[in-house]
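Protein chains: 2
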Amino acid sequence: MTTSLTAEGFPTHLAPIDEAAQAALFTQARTVNSFTDTPVSEEELSAIWELAKWAPTAANTQPMRVLFVRTPEGKERLVKHMAEGNAAKTASAPATAVLAVDTRFHEHIPHLLPFRPEMKDALEANEEMRTGLGTYNAALQAGYFILAVRAHGLAAGPMAGFDKDGIDQEFFPDGRWRSTLVVNIGHPGERPWFARLPRLEADSVVSWA
Amino acid sequence: MTTSLTAEGFPTHLAPIDEAAQAALFTQARTVNSFTDTPVSEEELSAIWELAKWAPTAANTQPMRVLFVRTPEGKERLVKHMAEGNAAKTASAPATAVLAVDTRFHEHIPHLLPFRPEMKDALEANEEMRTGLGTYNAALQAGYFILAVRAHGLAAGPMAGFDKDGIDQEFFPDGRWRSTLVVNIGHPGERPWFARLPRLEADSVVSWA
């Protein structure tokens, strides 16, 4: 990443990623709807979190949690809560991640933000702020997670269509984790995607001041 | 990205990104708090959205919007709404992005999701669903945006500490865009970051089924 360092060990320059990496993460990467039966190992899945975890969150709170579903029994429990259009592809994926928010993420603050441990109590006392911070930052981390799947040479198939309460009761019965997004993970199968949908033009998205 | 293609033009294999790209995006990248005075051009800033736009959103809705603040006048209008600890670094950054959600993002659905244009009316009629979908997916895109800044060899300094209502009244007075995150952008300056804060251990984050 760095070409040279200051005497204090800081970089003087940051390097961009190359075109192959841009393609793998952004420009050529596609949401995958069909998978080969090549398995994805526990090590490969663990490596996704090990990469995604480094990207930043507000006050270092890291509220996202991940349930990896790999076993046939786990898959059966998951698929019945997926929307009709998402069930078959979820069943066919070698692994599926249920991304969730830990509603009590603030309990980790004394460890994660050691110079501001009192933020734990402030969030305990303010449910609205706690929920807002957790929801926003878990979603931010979901973005990192999807790109980390791709960074490892795996295909991601994120899906918002599922019965959240059903999944939460099935897998998180104590109520602490709440599901937010389900992501199929594997290698692209036959005709894995449709033609790409349009992106907004910059003049609908970007403004200047 | 791909090593070979099927007769239909689909890849048979996806390649991981290399270690340098992993370092630039995740493992070595750090939130930057001081910047050199090297400018960041309009072309460089535009290229961030042009990369981030390709990553997926639910129903291709793309609800995130970006205001790039570069001029001295724009900076002055912005800095007064930043929290005390974020004002000086925002003033020193050559550019700052205000990431926002377009509360009427669903108006673009007939163009963005041409096979399901009726989703626009369903979201118009259901404010709770519309707000939830917009908020979640704009945050997901903020995650992509931060990594896209880094992908271009620029440093990102995301900040949640600012007066949202103040920024919205200042820059988005018609009420359609609502600010969610402010990201300083530039090249790392002197002692640009502190020691890295801890990440959660995998056994606090990851579970299996």
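Line by line, the protein sequences are chains A and B.
Those letters in the first sequence? Residues 1 to 209, by our numbering.
Those letters in the second sequence? Residues 210 to 418, by our numbering.
Note that CB positions come from ideal geometry on N, CA and C, so glycine has one too.
When DSSP states are grouped into helix, strand and coil, T340(B) belongs to the helix group.
Flagged as an interface residue toward chain A: F277(B), by a C-beta distance shorter than 7 angstroms.
In this structure, A230(B) lies near A21(A), with their beta-carbon atoms less than 7 angstroms apart.
Rounded to whole angstroms, the Cβ separation of V278(B) and V307(B) is 7 angstroms, and the two are in contact under 8 angstroms.
One Cα belongs to V391(B), the other to D37(A), and the distance between them is close to 42 angstroms. The beta-bridge partner set that DSSP reports for R196(A) is empty. Nearest CB-CB separation between G362(B) and chain A: below the 7 angstroms threshold. For P367(B), the enclosing beta strand (DSSP E) covers residues 364-368.
Within chain B, not a single residue places a beta-carbon under 8 angstroms from that of I167(A); the smallest gap is close to 11 angstroms. Shown here for P117(A): same chain residues with a beta carbon closer than 8 angstroms to its own, the five before and five after excluded, namely I109, P110 in chain order. In the structure shown, D102(A) adopts extended strand secondary structure according to DSSP, grouped into three states.
Note on A331(B): under 16 other CB atoms within 10 angstroms of its CB, so exposed under the neighbour-count rule. Rounded to the nearest angstrom, the Cβ distance from V414(B) to V66(A) is 6 angstroms, consistent with a contact under 8 angstroms. When Cβ pairs closer than 8 angstroms are counted between the two stretches, the region 283-296 of chain B is seen to touch the region 372-387 of chain B, the count reaching three or more. Boundaries for V249(B): no alpha helix (DSSP H) harbours it, and the DSSP string shows neither H nor E there. With the rule of 3 Cβ pairs closer than 8 angstroms, the region 45-62 of chain A does not count as touching the region 249-259 of chain B.
Residues of chain A whose Cβ lies closer than 8 angstroms to the Cβ of H290(B) do not exist; the shortest such Cβ separation is about 12 angstroms. By the rule that beta-carbons nearer than 7 angstroms mark a contact, A15(A) touches chain B.
The beta carbon of L356(B) is closer than 6 angstroms to those of L234 in its chain, skipping five residues each way along the sequence.
Along the region 87-105 of chain A, none of the residues has a CB nearer than 8 angstroms to a CB of chain B. By the 16-neighbour rule on beta-carbons within 10 angstroms, W417(B) is exposed. Looking at A347(B), L409(B), A261(B), the one whose alpha-carbon comes closest to that of A309(B) is A347(B).
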